[in-house]
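Chains as they are written, first to last, in the working numbering: chain A, 27 to 280; chain B, 319 to 658; chain C, -15 to 456. The C-beta atom is built at its ideal place from N, Cα and C for all residues, glycine as well. None of the values given here were measured: they were computed from a predicted structure.
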Amino acid sequence: METKINSGCETCEHFNKDGLKKLGVRTDNFDFVVALAGNPNTGKSTVFNALTGLRQHTGNWPGKTVTRAEGGFEYNTKKYKLVDLPGTYSLMSTSEDEQAARDFILFGKPDVTVIVVDANRLERNLNLVLQILEITDKAVLCLNLMDEAERNAIEIDVRTLSRDLGIPVVPASARFNRGIPELIQTISEIASGKIICKPHRIKSVPENIEKAVKTLTVEIEKEFPNISNSRWIAFRLLEGDKQIIEALKTGEFV
Amino acid sequence: MYTYNPISALLVFFVAGGLLYFLFRPAKGWYWVLKNQFISNEKTIIEDVLKQLYHFENSNNKVDMKTLVHMLSFSNKRIVDAINKMTVNDLIYFESDILKLTEKGREYALRIVRVHRLWERYLADKTGFHKIEWHDRAESMEHRLNHDEVEELSMHLGHPKFDPHGDPIPTKTGKMAQVKGVELPLLQVGAVGRITHIEDEPEVIYKQILAENIHMGSLIKVVENNSTRIVFLSEGEEFKLAPIVAANLTVAPLEKEVAVEDNVARLSSLNEHETAKIIGISRESRGESRRRLLDLGFVKGANVSIDLVNPLGEPNAYLIKGTSIALRNDQAAKILIKKD
Amino acid sequence: MKQNNIDNIIELSNELRWQIGDEFHDNLTESIYADAADIVKDSVRSNDSKRRFRLDAKIDKIVTSKRFGFPIMFLILGTVLWLTIQGANYPSSLLANLLLDTIHPALKSGAASLGMPWWLDGFLIDGVYLAVAWVIAVMLPPMAIFFPMFTLLEDFGYLPRVAFNLDALFNKSGAHGKQALTMSMGFGCNAAGVVAARIIDSPRERLIAILTNNFSLCNGRWPTQILIATIFIGAVVPKSSSSLVSLLAVIGVAVLGMAFMFGVSWGLSKTVLKGEVSTFNLELPPYRPPRFWKTIYTSLIDRTLIVLWRAIVFAAPAGAVIWLISNIHIGNESIAAWAINGMDGFGFLLGLNGVILLAYIVAIPANEIVIPTILMLTVLVTGVGVGEGAGVMFELDSINATADVLKAGGWTLLTAINLMLFSLLHNPCSTTIYTIYKETNSVKWTVVASVMPVILGFIVTFLVAQLWRLIF
């Protein structure tokens, strides 16, 4: 098990154990904001607890964390505020929890987004991952529940996955604290700009939609040259997302 | 306490309870009836007249005063008053006995139709009201929304082209998509087509269609057509309808070659130990529930099988993309599969 | 200028949207899943034959089977409930000993030696302290037993299977299978049950679960039911069967509560909640061995202590009010006595009495203090020679002594039955009301949830009382 866990990033230095301090709920004066997103029932809260040293209850129930939980840790003298978003299957519906999660990633502009997925059910989890990668390009995939995956005889080629997704991938079993140091290391490297991600963008879009999206994207970029997620905004506009329309009008994106 | 005895106490209680019931029972309560009387003012009558005329003209039928009074549930005098006013305002005119819409009247009527259909679409996509209620709710709402509210609503819904029954929604400028197809009884045995419209009036017939679980957008194949009944296959089930009921379904015939994989079925018909591929989600599944199903992985091409059979019959758990997800039978009936 | 461009963009998007048609969302989701399938094909290899899911499947086959599914479920939930009620007795009496019989007198004598005026000492120690102590003694032990056990079941993954098994029943009344769990949670504490309704992600069904949670007889009400059933209902049958009959009576009330839950759920879904969006989905997660100690710890911290804290916050002022109304006099009667006299007539109509109604009004914060308050008020108006004085809640060690006090207060079998019914059907405690407000964020639903059960309670007790008087 141990030997298999290798971080997705090539440039990893050794993890600096002494530089880590779990801060629990003390999140004042932070340097970076880290968002924690993922499907329900992927052990997201366990990852949150492992990172912050908190002990939030984590039920074996889809949809446990509905309110937003916050915590923090300090690594190599930098302080990170961690925000545990509600577990969702998607970011495109109008339900309260999905809106909360989406708003935070979109408007809260976290320095790093950690996407926790269940290694046993990677395909279904990728639905959310690919949506998040349309919104932000500073993300890391935490491949959680590796212990279960191993027992289920599921092998994941972490390097290929990382290349396909264009972001670092860290295998972990948060319940046993495995992979957490690597995750912290990766978070710090993305936050400091040492790792630059080139996230996957949704490809298999039907032609007529792709054309409409392109037209819109061009227009949006003309107006807001600096945003990186114009394509996501185009998607949302085509769905008639009221909130996004409002945000465009008030210029919240810039 | 001097006059107390249990019987009188019970009497008072039941009289009071009965009174409350008759006042406020849904739809027929006296309070609601009075309230409706109050709301259904001249505007309502005018708009209802316009709408009726519009529908009649569209189906090339002629209306005289008598039929109209018969159609509407207002007092004769109020209708006559309204018609006089409409003639003065150049909304309608008489051709001998026959009532006709002017250009202006037609525009007005289209606006009402637009609101009605948009509202039905809203009820279908964004609320939990049952289908059977959509029509009546839209009937009263169509008189209440003003121009800006309608535009707002239309935008909120994504400027839809069709209402949930398959009727086209006129755009702001009066443009309308075309409903393709013919009434079901006109199809020959062996013909294949797609249901493009389900008429929701009269309610008696609509209820029968609903009870049969016939879905908008389903592919059908006619296997029997005579004066007593029409039998067709759709999504692995067989449906038998009386011609008068079948006439309320509009079906767009398809070329034979495009026609259908025969073994399309509903997920609800999947048995234990069978596997299948998902073909799509029926248009009957709308709004939030449809999105949920998609998010959960019930998308075209996904493999599905039964994971657990429920001891009470439903919901059954389906294995989809590595996870066990329970769906109720009415949801599963709206997911189309092809058994392996 | 800029605003203009943005409006153009939005206008353009609307135009494009009309062209693409209604299928956009479907298409987009399908493309995302298509990409996902591609990626997974590249990087994941799984050997289907070796999957551990097989073990899960075996457990699932048993716990959802026609033959064993329901017996296993009743056995597990019954055991949890039984352990809670039985297991709480001992620590409860220990706590009561400590807080009520040891610390309370000590505080009193301490106050006396400090020369504290009687009203301050009464207000603080007999009022505020006693109410808080009572709530802790009665509430803490059952919750500290119930929540960890429930949480263990939850962490293991069994609870979603219960929802799965029972959904068809709940579906008939317009509710969600997961309501089986919020309901079970309500047997521990309604406030916790209301919070648990978060697991239901369909708005209509979630509201139904919140509004009907109060029909689950909570920990605070079990002792009342058991006490009254033992005194009055156990007494009308031969000694040998009295404990069985009173137990059956309590279970009967709990089952009646469930019947009300189903009935009211049905009513709500057909009337006021008809238009709320309703979706259903239930994921059955894999089983995971719970981490025992961690679960115990987190459930204590997250559930038990939070609920207890809220209860204390609300109980303290209630204690003060109870003391004040018994000790402030208007004319030659205390406020309590005035109120009791005023409500006696209405109480009689319901087969109850003024004391019970007043007790339920002042004891809104916690059902736990209803019985002590009733005893104190009964002594206050009848002048029976037990108790600790005006405004001091008490309980009697022997059931017989309690029975004597209540009978002196004019209680009959009808009073007892209707008290049991009213204890089931009355407004939720203030902790629950507050929690409902926090969860729904709506004054309207909070009011509905609070008022509806009282009205039901009035109607039911009224009918029972009239019929009773007609027959007997």
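Query, Result
"Among C/17, C/237, C/166, which one has its Cα closest to the Cα of residue 135 of chain C?", "C/166"
"Looking at residue 68 of chain C: is its Cβ nearer than 8 Å to the Cβ of residue 16 of chain C?", "no"
"What's the gap between the Cα of residue 150 of chain C and the Cα of residue 91 of chain C?", "51 Å"
"Residue 118 of chain C: buried (16+ other C-beta within 10 angstroms of its C-beta) or exposed?", "buried"
"Can you tell me which of B/407, B/368, B/375 puts its alpha carbon nearest to the alpha carbon of residue 390 of chain B?", "B/368"
"Whole alpha helix (DSSP H) runs in the segment 364 to 417 of chain C with 4 or more residues, listed along the chain?", "383 to 392, 397 to 408"
"Between the alpha carbons of residue 645 of chain B and residue 385 of chain B, how many angstroms are there, rounded?", "48 Å"
"May I have the straight-line CA-CA distance separating residue 10 of chain C from residue 334 of chain C, to the nearest angstrom?", "58 Å"
"Expressed to the nearest angstrom, what Euclidean distance is found between the alpha-carbon atoms of residue 179 of chain C and residue 419 of chain C?", "7 Å"
"Under 9 Å Cβ-Cβ, which residues of chain C neighbour residue 229 of chain A?", "15, 18, 19, 22"
"Which class does residue 462 of chain B belong to by DSSP, given the choice of helix, strand or coil?", "coil"
"Which residues, in chain order, does the segment 485 to 499 of chain B contribute to contact with chain A at a C-beta distance below 7 Å?", "none"
"Give the C-beta separation of residue 148 of chain C and residue 268 of chain C to the nearest angstrom, bearing in mind that I take them to be a contact with Cβ-Cβ under 8 Å.", "6 Å"
"With a Cβ-Cβ cutoff of 8 Å, do residue 188 of chain C and residue 249 of chain C count as a contact?", "no"
"In chain order, which continuous runs of the alpha helix (DSSP H) of length 4 or greater are located wholly inside the segment 205 to 277 of chain A?", "206 to 217, 233 to 249, 256 to 265, 268 to 276"
"What's the C-alpha gap between residue 382 of chain B and residue 415 of chain B?", "6 Å"
"So residue 599 of chain B packs on residue 652 of chain B, CB below 8 Å; how close in whole Å?", "6 Å"
"Leaving out five residues before and five after residue 162 of chain C in sequence, what residues of the same chain have Cβ atoms less than 6 Å from its Cβ?", "147, 183, 184"
"I need the DSSP call for residue 57 of chain A, collapsed to helix, strand or coil.", "coil"
"Starting from residue 515 of chain B, follow the beta strand (DSSP E) in both directions and report where the run begins and ends.", "510 to 516"
"Going by beta-carbon coordinates alone, are residue 228 of chain A and residue 160 of chain A separated by less than 8 Å?", "yes"
"Roughly how many angstroms separate the alpha carbons of residue 339 of chain C and residue 247 of chain C, rounded to a whole number?", "30 Å"
"Here's a check: name, in chain order, each residue in its chain whose Cβ is nearer than 6 Å to the Cβ of residue 176 of chain C, leaving out the five neighbours to either side.", "169, 287, 291"
"Tell me the DSSP secondary structure of residue 474 of chain B in three-state form.", "helix"
"Which complete alpha helix (DSSP H) runs does the segment 154 to 198 of chain C hold, if anything under 4 residues is left out?", "163 to 172, 174 to 180, 187 to 196"
"In angstroms with no decimal places, state the Cα-to-Cα distance between residue 629 of chain B and residue 266 of chain C.", "16 Å"
"In whole angstroms, give me the CA-to-CA distance for residue 584 of chain B and residue 536 of chain B.", "11 Å"
"Let me make sure I understand the geometry here. Which of A/232, A/63, A/218 has the alpha-carbon closest to that of residue 18 of chain C?", "A/232"
"Go ahead and pull the three-state DSSP assignment for residue 607 of chain B.", "helix"
"Tell me, please, which residues DSSP counts as bridged to residue 45 of chain A.", "Its beta-bridge partners do not exist; DSSP assigns none."
"Tell me, please, whether the CB atom of residue 525 of chain B is closer than 8 Å to any CB atom in chain C?", "no"
"Does any CB atom of chain B fall closer than 8 Å to the CB of residue 69 of chain A?", "no"
"Using 8 Å as the threshold, is the segment 160 to 169 of chain A in touch with the segment 190 to 207 of chain A, meaning 3 or more CB pairs across them?", "yes"
"Report buried or exposed for residue 202 of chain A, applying the criterion of at least 16 other Cβ atoms within 10 angstroms of its Cβ.", "exposed"
"Name the one or two DSSP bridge partners that residue 623 of chain B has.", "B/593, B/637"
"Applying the 10 Å Cβ sphere with the 16-neighbour rule, what's the burial state of residue 69 of chain A?", "buried"
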